[in-house]
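Undergrad:
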Amino acid sequence: MTDERSAMKIVVIGGSGLIGSKVVKKLGEQGHQAVAASPSSGVNTLTGEGLAEVLEGASVVVDVSNSPSFEAAAAMGFFKTSNHNLLTREAAAGVGHHVALSVVGTEFLADSGGVGGYFRAKLAQEKLIKESSIPYSIVRATQFFEFVNSITDDATEGNTVRVPTVLIQPMAAEDVASAVCRVATGRPVNGTVEVAGPEQFRFVELIRRGLSAHGDQREAIDDPQAKYFGAEVNERTLVPIGNALLGPTRFDDWLRGSQYGTLAAKS
Ligand SMILES: NC(=O)c1ccc[n+]([C@@H]2O[C@H](COP(=O)([O-])OP(=O)(O)OC[C@H]3O[C@@H](n4cnc5c(N)ncnc54)[C@H](OP(=O)(O)O)[C@@H]3O)[C@@H](O)[C@H]2O)c1
Numbered sequence: 002m003t004d005e006r007s008a009m010k011i012v013v014i015g016g017s018g019l020i021g022s023k024v025v026k027k028l029g030e031q032g033h034q035a036v037a038a039s040p041s042s043g044v045n046t047l048t049g050e051g052l053a054e055v056l057e058g059a060s061v062v063v064d065v066s067n068s069p070s071f072e073a074a075a076a077m078g079f080f081k082t083s084n085h086n087l088l089t090r091e092a093a094a095g096v097g098h099h100v101a102l103s104v105v106g107t108e109f110l111a112d113s114g115g116v117g118g119y120f121r122a123k124l125a126q127e128k129l130i131k132e133s134s135i136p137y138s139i140v141r142a143t144q145f146f147e148f149v150n151s152i153t154d155d156a157t158e159g160n161t162v163r164v165p166t167v168l169i170q171p172m173a174a175e176d177v178a179s180a181v182c183r184v185a186t187g188r189p190v191n192g193t194v195e196v197a198g199p200e201q202f203r204f205v206e207l208i209r210r211g212l213s214a215h216g217d218q219r220e221a222i223d224d225p226q227a228k229y230f231g232a233e234v235n236e237r238t239l240v241p242i243g244n245a246l247l248g249p250t251r252f253d254d255w256l257r258g259s260q261y262g263t264l265a266a267k268s
């Protein structure tokens, strides 16, 4: 049983990644022994390398790793094998709480073409966690602000960004990490917690704000036929189902404070 009042050893699988590095930093600042674990630090959930050693004495495992490939078969192989290895080793090590990061709308996206294969892999990950003997919490987040640039590029044809006529409620990676830390230092919910940004946008409005933030001349338009990375989405696929925890950071404030303009600038 975890106890939010005392310092714990918390292993962060994917601790070198966008979310993972923020989670490790925040947990460390809260006085926990946060250990970043990923191939770059000698821990590989696909091969099992380094897993038994790093899990020794861990109270909580946070899995914020990601498949190096979003292609359907590769993603399925990654999430199935790595979760099988991880959950088996966690059970042997007596880990009391497994926390994993997933995506709002996963079951709807999984029914679709395009990136649907990636979401079928995320569903398989969630299923393995639910079927394991380890108390767990699944955190489903909406799209990260940091991901808006990739969404824009994927939807671009020539000078036009064609996006579906739906709602979207993205959030800052910093707020995703805060939510993951809050869940990881609490008691297992043995269920799913949704987290999202503070504002819902029409998808096209979000993209326009991102483009104008760095003077990108591409034109964003609404198109009921447009897909999201090849997947069909409806009005509410990309927004939380019920009461979500909301991050405080607004997109416009994030745009002003981030390196978005320089990072996203297109030649
Ligand atoms: N993008 C979004 O908008 C969004 C929204 C909601 C949820 N999510 C979820 O958020 C999670 C984290 O995403 P992110 O963008 O923070 O990921 P990321 O920056 O791409 O980082 C991926 C991490 O996975 C690690 N990793 C890769 N292969 C591994 C292996 N075999 N064993 C252990 N670790 C391995 C990497 O380690 P190395 O650096 O050592 O290679 C890296 O630390 C994903 O599960 C994703 O589904 C994403």
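As numbered in the working numbering, the sequence shown has no gaps in its residue numbers, which increase by one up to the final residue, 268.
Idealized CB from N, CA, C, for every residue including glycine.
Given this structure, state the Cα-to-Cα distance separating G211 from N150, to the nearest angstrom.
TA: Their Cα atoms are separated by approximately 8 Å.
Undergrad: Evaluate contact between the segment 66-76 and the segment 30-37, counting only Cβ atoms and requiring at least three cross-stretch pairs below 8 Å.
TA: Because the criterion of three Cβ pairs below 8 Å is not met, the segment 66-76 and the segment 30-37 do not touch.
Undergrad: Pull up the distance between the alpha-carbon of T259 and that of V25, whole angstroms please.
TA: Rather than Thr, the amino acid found at residue 259 in this sequence is Ser. C-alpha separation (whole angstroms): 21 Å.
Undergrad: Can F145 and V177 be called in contact, C-beta distance under 9 Å?
TA: Against a cut-off of 9 Å, the Cβ pair of V177 and F145 comes out as a contact.
Undergrad: CA-CA distance, L1 and A174?
TA: Outside the displayed range of the chain (2 to 268) lies residue 1, so it cannot be described from this structure.
Undergrad: Report yes if the C-beta distance between S60 and H98 is below 9 Å; otherwise report no.
TA: A contact, by the Cβ cut-off of 9 Å.
Undergrad: Which two residues bound the contiguous beta strand (DSSP E) that contains H99?
TA: From DSSP, the beta strand (DSSP E) with H99 extends over 98-104.
Undergrad: Starting from Y137 and walking both ways along the beta strand (DSSP E), at which residues does that stretch end?
TA: Looking at the DSSP string, the run of the beta strand (DSSP E) that includes Y137 is 137-142.
Undergrad: So if DSSP puts G192 in a beta bridge, which residue, or which two residues, is it bridged to?
TA: According to DSSP, G192 bridges with S138.
Undergrad: State yes or no: is the C-beta of L88 nearer than 8 Å to some heavy atom of ligand 1?
TA: Not under cutoff, so the answer is no.
Undergrad: Using 9 Å as the threshold, is the C-beta distance between T143 and V105 below it?
TA: Yes, the pair counts as a contact, with Cβ atoms nearer than the cut-off.
Undergrad: If I measure Cβ to Cβ from R121 and keep anything under 6 Å in the same chain, skipping five residues before and after, which residues do I get?
TA: These residues qualify, in order along the chain: A111.
Undergrad: Compute the minimum distance between the beta carbon of K123 and the heavy atoms of ligand 1, and state whether it is under 8 Å.
TA: At least one heavy atom of ligand 1 is nearer than 8 Å to the Cβ of K123, so yes.
Undergrad: How should P171 be labelled, buried or exposed, when 16 other C-beta atoms within 10 angstroms of its C-beta is the threshold for buried?
TA: Buried, because 16 or more other Cβ atoms sit within 10 Å of the Cβ of P171.
Undergrad: Can you have a look at S113 and say buried or exposed, based on whether 16 or more other CB atoms are within 10 angstroms of its CB?
TA: Buried, since its Cβ has 16 or more Cβ neighbours within 10 Å.
Undergrad: So, do the segment 115-129 and the segment 240-251 have three or more beta carbon pairs nearer to each other than 8 Å?
TA: Result no; under three Cβ-Cβ pairs closer than 8 Å.
Undergrad: Please name the residue or residues paired with K10 in a DSSP beta bridge.
TA: Q34, per the DSSP bridge assignment.
Undergrad: Rounded to the nearest angstrom, what separates S83 and T48 at their Cα positions?
TA: Each residue's alpha carbon lies about 8 Å from the other.
Undergrad: Quick one: does the C-beta of T250 sit closer than 8 Å to a heavy atom of ligand 1?
TA: Incorrect: T250 has no Cβ contact closer than 8 Å to ligand 1.
Undergrad: To which residues does DSSP link M172 through a beta bridge?
TA: Per DSSP, F145.
Undergrad: If we count the other Cβ atoms within 10 Å of its Cβ and call it buried at 16 or more, is A266 buried or exposed?
TA: Bear in mind that a pLDDT of 32 at A266, under 50, signals an unreliable position, so the number given afterwards is only what the model happens to contain. Exposed.
Undergrad: In angstroms with no decimal places, state the Cα-to-Cα distance between T46 and L87.
TA: The straight-line gap from Cα to Cα measures roughly 6 Å.
Undergrad: Report the residue from A76, G16, S103, A227 whose alpha carbon sits nearest the alpha carbon of V196.
TA: Measuring from the Cα of V196, the nearest candidate turns out to be S103.
Undergrad: When the Cα of E57 is compared with those of A37, R90, H85, F80, which residue comes out closest?
TA: When each option's Cα is compared against that of E57, the closest is R90.
Undergrad: Please state whether the Cβ-Cβ distance between F204 and P165 is less than 9 Å.
TA: Cβ distance < 9 Å, so F204 and P165 count as in contact.
Undergrad: Quick check on the burial criterion: 16 or more other C-beta atoms within 10 angstroms. Buried or exposed for R141?
TA: Buried, since its Cβ has 16 or more Cβ neighbours within 10 Å.
Undergrad: Would D64 be called buried (16 or more neighbouring beta carbons within 10 Å of its own) or exposed?
TA: Buried, because 16 or more other Cβ atoms sit within 10 Å of the Cβ of D64.
Undergrad: As a quick exercise: from A93, A73, G78, pick the residue whose alpha carbon is nearest that of G115.
TA: The candidate whose alpha carbon is nearest that of G115 is A73.
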